[in-house]
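S.K.: Structure provided below as C-alpha cells; questions to follow.
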Amino acid sequence: MYSSIQDLVGQANSRQLPLSQVILESEMALTEKSEQEVYTLLERHYDVMVSSAKKALTQPQQMIGGLITGMAAKQYGYETPLAGKYLNDVMAMALSSSEVNASMGLVCAAPTGGASGVLPAVLLGTAGKLQSTKRQALDALLVAAGVGAVITKDATVSGAEGGCQAECGAAAAMGAAAVVTLAGGTPEACANAVAIALMNCMGLVCDPVAGMVQLPCAFRNASQAVNAIISADMALAGQRSVIPADEVIEALFRVGKMLPEALRETALGGIAVSKTAKQITEGLTGDAGTIQI
Amino acid sequence: MNLSIFDVIGPIMIGPSSSHTAGAVKLARVSALIAGKPFKHVEFGLHGSFAKTGKGHGTHLALLAGVLGITEEDERIKHSLDIAKARGITYTFREVELDDVHENAAMITFTHDDNTSTQITGCSVGGGRILITNINGVDVEVSAEQPTMIIQQLDKPGVIARISRVLAENSINIGLMRFSRVAKRDVATSVLETDQKIPPEVVQRLATLDDVLLVRVIQ
Chain A
3 MYSSIQDLVG QANSRQLPLS QVILESEMAL TEKSEQEVYT LLERHYDVMV SSAKKALTQP
63 QQMIGGLITG MAAKQYGYET PLAGKYLNDV MAMALSSSEV NASMGLVCAA PTGGASGVLP
123 AVLLGTAGKL QSTKRQALDA LLVAAGVGAV ITKDATVSGA EGGCQAECGA AAAMGAAAVV
183 TLAGGTPEAC ANAVAIALMN CMGLVCDPVA GMVQLPCAFR NASQAVNAII SADMALAGQR
243 SVIPADEVIE ALFRVGKMLP EALRETALGG IAVSKTAKQI TEGLTGDAGT IQI
Chain B
68 MNLSIFDVIG PIMIGPSSSH TAGAVKLARV SALIAGKPFK HVEFGLHGSF AKTGKGHGTH
128 LALLAGVLGI TEEDERIKHS LDIAKARGIT YTFREVELDD VHENAAMITF THDDNTSTQI
188 TGCSVGGGRI LITNINGVDV EVSAEQPTMI IQQLDKPGVI ARISRVLAEN SINIGLMRFS
248 RVAKRDVATS VLETDQKIPP EVVQRLATLD DVLLVRVIQ
C-alpha cells in the first residue's frame, strides 16, 4: 500500500523493487485479485487504448459538430514533421483517441474520457520506439495508474473541479512516469518527471467550444502527450524538479480550486466564448447554449 | 492507497466524457436499480455543468441509456432516445439548481407503472465514479464501487441486529454501514457496503425480515 509519490519511491528503493511491483502488490491487496487477474485486466484496458489510438489514423470519425473529424489522419499523413516521426506519430495517436472519444466510440478513460488520448499515444509511441515488450508496456501502464491514483486521491481528475490541468495535465504526469519506466529510469526520475509534467501545464483551463469534448481538447491531448515525453526526457537527463511531486500535486489542486467556474468545463469562459466559438455554437444549435439532440 | 488502479485507468467507456457520459450512465443505471421497479416516465433535472455542457457531451443520451440498464461500455448509448421510444418510456430533461451538490449532478424522478414515484439525486465525481446523495428525501452516500445494499426499515430496536445476523450466517462481511432517518421511530435507511456479492436468496431472506420494508442491491 502507498499513499503518495514519495511513499511509492521510498518503498521501491527500500525493497529494491520497481515501482510497478509496489503498485501491483497494493492493487492485489486492495482488490484481492491475483497477479494474473491484474495483468489480464491491464491487458484488456491496454488493448482498448491501442484500438482507439489507431482507429482514426486512417478512418476519420463522425461526431456532432465535426470540429475534429479527420485531424488524426491529417497529422499521421504529414511526412516532414520538424519534431520528428516519433513525436508526430504520438500526436497523431492522441488525436485519434480524441476523435474516437468525441464520436461516442469506445475508449479507456485515463484518467478521464476527455484526456483519453494522452496515455495511449505516449505508451504506444514510446514502446514502439524502444521496441519494448508488451509486458514492459503493461508495467509502464501500472506505474502510470499508480501516479494517477495519487493525483485522484490528493487532488482531482475532474475538469469541472480542476480544469484541463486536472485531466490532460494528470494524464501527462502519468504518461511521463510511464515513459521513464519504459526507458529504464529510476523511481526518482519517475517522480521528477511527474512533477515537471504538472509544472508545465499548471493552470491549464477547461474551455470546450460549444461545450463539446473536441476543441481545444484534441490539441491539448496531443500537446500534453508531447509534454509527457519531454518531461520524461528532462528527468532522464537528471533534471530535478526541486519541488517534490506530492507538493506539485497539492499545488495543482489549489490552483484548480482557484479557477473560476467559467474555466472549469462550463463553456462559459476562455476560448469557448471567443467570437468564432460563439458562431460555431450558434451554427450548431440555432440558439446560444443548447445543442439539439 | 484505497483506490483501485482500474478506477484511474478506466472505465473502458463510450466517450466523450468520463464524468459527463460514463459517469452519467452509471449514475442513472444505479438510480434505476435503487428505484427497483418498472417505470413509464423519467424526468432528469440537470444541475451545474451537466446543465451547461451536458448536451455536447451526450449527457442526456447517457442518463437515459443508464436508466434503461445500458452500461458504460455499450455502443448503443448514442441510440438511447430510440431505445426508450421502442420500450414505451417517456422522458423529460430540465435545468435545476440543487443545493450542496457537486458541479455534475442530476435529480432523477421515476414515475413507476404503479403510479408511485422515486426521486434520486446523485453526482458524477470524475473519472466515471459517482455518488448517490439522496433517495426520496433521505440523505445517503452510495458510491456503488462495492456490492451495496440499501435497506429501508422501521426505526425500531433490533432491526439492524436481525439484518447483520442474516449476513453473518451467509459469511458476508460488512465493509461499511451508514444509517439515516428522517425522524425517530419512523422509516430509516441503511446503506451497507459488503466485501462479498450478495446472493439472491440472501436478499430474499432480508426482505422477509420483520420491520424490513424494502431491500435493493447494487453489485
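Read top to bottom, the protein sequences are chains A and B.
Under my numbering, the first residue of the first sequence is numbered 3, with each subsequent residue one higher.
Under my numbering, the first residue of the second sequence is numbered 68, with each subsequent residue one higher.
Here a beta-carbon is modelled for each residue, glycine too, at the ideal position from N, C-alpha and C.
#1: Helix, strand or coil for A:Met3? Go by DSSP, reduced to three states.
#2: Can you check whether the CB of B:Val109 is closer than 7 Å to the CB of B:Val75?
#3: Along the stretch 82–107 of chain B, where does the CB come closer than 7 Å to a CB of chain A? Name the residues.
#4: Whose C-beta lies closer than 6 Å to the C-beta of A:Thr183 among residues of the same chain, with five residues either side of it excluded?
#5: Using beta carbons (cut-off 7 Å, strictly below), is A:Glu267 in contact with chain B?
#6: Does the stretch 35–53 of chain A come into contact with the stretch 166–178 of chain A, if we say contact requires no fewer than three beta-carbon pairs (one atom in each stretch) closer than 8 Å?
#7: Go ahead and pull the three-state DSSP assignment for A:Thr278.
#8: Could you give the DSSP three-state label for B:Leu148: helix, strand or coil?
#9: What residues from chain B crowd round A:Gly115, counting only those whose CB sits closer than 7 Å?
#10: In chain A, which residues lie less than 9 Å from B:Lys251 when you measure between Cβ atoms?
#11: Is there a Cβ from chain B that is less than 7 Å from the Cβ of A:Gly165?
#12: Using Cβ-Cβ distances below 7 Å, what residues of the stretch 205–218 of chain A are close to chain B?
#13: From B:Ala228 to A:Gln38, what distance separates their C-alpha atoms?
#14: Looking only at its own chain, which residues have a Cβ that is under 8 Å from the Cβ of B:Thr275, when we skip the five neighbours before and after it?
#15: Distance, Cα to Cα, A:Ala253 vs A:Val159?
#16: Distance check for B:Leu128 and A:Ala139, CA to CA, integer angstroms please.
#17: Determine, for A:Ser53, whether the minimum Cβ-Cβ distance to residues of chain B falls below 7 Å.
#18: For the stretch 105–127 of chain B, which residues have a CB atom closer than 8 Å to at least one CB atom of chain A, in sequence order?
#19: Which first and last residues belong to the beta strand (DSSP E) in which B:Ser184 is found?
#20: Could you check whether B:Glu139 and B:Met80 sit closer than 7 Å to each other, using their CB atoms as the reference points?
#21: What are the boundary residues of the beta strand (DSSP E) that includes B:Ser257?
#22: Can you find a C-beta in chain B that's less than 7 Å from the C-beta of A:Tyr4?
#23: Could you tell me the distance, in whole angstroms, from the CA atom of B:Val279 to the CA atom of B:Lys223?
#24: Along the chain, where does the beta strand (DSSP E) containing A:Gln138 start, and where does it finish?
#25: Take the Cβ of A:Leu26 as the centre, count every other Cβ of all protein chains shown within 10 Å, and call the residue buried at 16 or more, exposed below.
#26: Quick one: does A:Val275 have its CB under 7 Å from some CB of chain B?
#27: Could you please give the first and the last residue of the uninterrupted alpha helix (DSSP H) stretch that includes B:Arg272?
#28: For B:Lys107, which three-state DSSP category applies?
#29: Name the residues in the stretch 144–163 of chain B whose C-beta lies less than 8 Å from a C-beta of chain A; which are they?
#30: Which residue marks the beginning of the alpha helix (DSSP H) containing A:Ile232, and which one marks its end?
#31: Distance cutoff 7 Å, beta carbons only. Does A:Thr60 sit that close to anything in chain B?
#32: Give me the DSSP bridge partner(s) of B:Arg248.
#33: By the criterion of Cβ-Cβ separation under 9 Å, what are the contact partners of A:Lys203 in chain B?
#34: Determine, for A:Lys155, whether the minimum Cβ-Cβ distance to residues of chain B falls below 7 Å.
#35: Can you name the start and end residues of the alpha helix (DSSP H) that A:Ala247 belongs to?
#36: Within 8 Å, do at least three Cβ pairs link the stretch 85–102 of chain A to the stretch 186–206 of chain A?
M.R.: Walking through what the data contain:
#1: Indexing the first sequence from 1 puts residue 3 of chain A at position 1. Assignment of A:Met3 by DSSP, reduced to helix, strand and coil, places it in the coil class.
#2: Residue numbering aside, residue 75 of chain B sits at position 8 when the second sequence is read from its first letter. Residue numbering aside, residue 109 of chain B sits at position 42 when the second sequence is read from its first letter. No, Cβ-Cβ distance for B:Val75 and B:Val109 is not below 7 Å.
#3: In summary, the residues of the stretch 82–107 of chain B whose CB is separated from some CB of chain A by less than 7 Å are Gly82, Pro83, Ser84, Ser85, Ser86, Thr88, Ala89, in the order they occur in the chain.
#4: Sequence index remark: in the first sequence, residue 183 of chain A carries index 181 (1-based). Excluding positions up to five away in sequence, the list reads Ala142, Val145.
#5: For the purposes of this step, residue 267 of chain A is taken as the residue at position 265 of the first sequence. Proximity of A:Glu267 to chain B, defined by a Cβ-Cβ separation below 7 Å, is satisfied.
#6: No contact exists between the stretch 35–53 of chain A and the stretch 166–178 of chain A.
#7: Start at 1 with the first residue of the first sequence, and residue 278 of chain A comes out as number 276. Residue state, collapsed to three classes: helix.
#8: In the second sequence, counting from the first residue as 1, residue 148 of chain B sits at position 81. B:Leu148 falls in the helix class under three-state DSSP.
#9: Numbered from its first residue, the first sequence carries residue 115 of chain A at position 113. Per Cβ cutoff of 7 Å: Met80, Gly82, Pro83, Ser84, Ser85, Thr88, Ala89.
#10: Taking the first residue of the second sequence as 1, we reach residue 251 of chain B at position 184. Ordered by position in chain A, no residue passes the 9 Å Cβ test against B:Lys251, which lies about 37 Å from the chain.
#11: Position 163 of the first sequence, counted from the first residue, corresponds to residue 165 of chain A. No - not a single Cβ of chain B is within 7 Å of the one on A:Gly165.
#12: Along the stretch 205–218 of chain A, going in chain order, the ones with a CB nearer than 7 Å to a CB of chain B are Pro210, Ala212, Gly213, Met214, Val215.
#13: Here the question's residue 228 of chain B lines up with position 161 in the second sequence. Here the question's residue 38 of chain A lines up with position 36 in the first sequence. Taking the straight line from one Cα to the other gives about 39 Å.
#14: Translated into positions along the second sequence, residue 275 of chain B becomes position 208. Here the set comprises nothing.
#15: Mapped onto the first sequence, residue 253 of chain A falls at position 251. Mapped onto the first sequence, residue 159 of chain A falls at position 157. Between A:Ala253 and A:Val159, the C-alpha separation is close to 14 Å.
#16: Within the first sequence, residue 139 of chain A is the residue found at index 137, counting from 1. Within the second sequence, residue 128 of chain B is the residue found at index 61, counting from 1. When only Cα atoms are considered, A:Ala139 and B:Leu128 end up about 35 Å apart.
#17: As a working note, residue 53 of chain A is residue 51 in the first sequence. For A:Ser53, the nearest beta carbon of chain B is not closer than 7 Å to its own beta carbon.
#18: Those residues of the stretch 105–127 of chain B placed with their C-beta closer than 8 Å to a C-beta in chain A are Gly115, Ser116, Lys119, Thr120, Gly121, Lys122, Gly123, His124, Gly125, His127, ordered along the chain.
#19: In the second sequence, counting from the first residue as 1, residue 184 of chain B sits at position 117. Taken as a continuous stretch (DSSP letters only), the beta strand (DSSP E) holding B:Ser184 covers 184–193.
#20: Within the second sequence, numbered from 1, the residue matching residue 80 of chain B stands at position 13. Within the second sequence, numbered from 1, the residue matching residue 139 of chain B stands at position 72. Cβ atoms of B:Met80 and B:Glu139: closer than 7 Å.
#21: The residue given as residue 257 of chain B occupies position 190 in the second sequence. Its beta strand (DSSP E) spans residues 254–261.
#22: Taking the first sequence and counting its residues from 1, the one referred to as residue 4 of chain A is at position 2. It does: the Cβ of A:Tyr4 has a partner Cβ on chain B nearer than 7 Å.
#23: Within the second sequence, the letter at position 212 stands for residue 279 of chain B. Within the second sequence, the letter at position 156 stands for residue 223 of chain B. Their Cα atoms are separated by approximately 10 Å.
#24: Residue 138 of chain A sits at position 136 when you count from the first residue of the first sequence. Segment 136–156 is the alpha helix (DSSP H) holding A:Gln138; no beta strand (DSSP E) there.
#25: To locate residue 26 of chain A, count along the first sequence from 1; it is residue 24. Buried, since its Cβ has 16 or more Cβ neighbours within 10 Å.
#26: In the first sequence, counting from the first residue as 1, residue 275 of chain A sits at position 273. So, not an interface residue.
#27: Locating residue 272 of chain B in the second sequence gives position 205, where the first residue counts as 1. Under the DSSP assignment, B:Arg272 falls in the alpha helix (DSSP H) whose first and last residues are 267–274.
#28: Translated into the one-based positions of the second sequence, residue 107 of chain B becomes position 40. DSSP places B:Lys107 in strand when its eight states are reduced to three.
#29: Those residues of the stretch 144–163 of chain B that come within reach of chain A (Cβ to Cβ, closer than 8 Å) are Ile144, Lys145, Leu148.
#30: As a position in the first sequence, residue 232 of chain A is number 230, starting the count at 1. Element bounds for A:Ile232: 219–238.
#31: The residue labelled residue 60 of chain A in the question sits at position 58 within the first sequence. Not one chain B Cβ lies under 7 Å of A:Thr60.
#32: The count along the second sequence starts at 1 and reaches residue 248 of chain B at position 181. Answer by DSSP bridge pairing, in chain order: B:Ala255.
#33: Residue numbering aside, residue 203 of chain A sits at position 201 when the first sequence is read from its first letter. One detail in the question is off: residue 203 of chain A reads as Cys in this sequence, not Lys. Result: empty, since nearest Cβ-Cβ is about 17 Å, beyond 9 Å.
#34: For this step, residue 155 of chain A is matched to residue 153 along the first sequence. Residue-level contact by beta carbon holds for A:Lys155 and chain B, with a gap shorter than 7 Å.
#35: Position 245 of the first sequence holds residue 247 of chain A. It spans 247–260 - the alpha helix (DSSP H) in which A:Ala247 sits, taken as one unbroken run.
#36: In short, these stretches do not touch, since the Cβ pair count stays below three.
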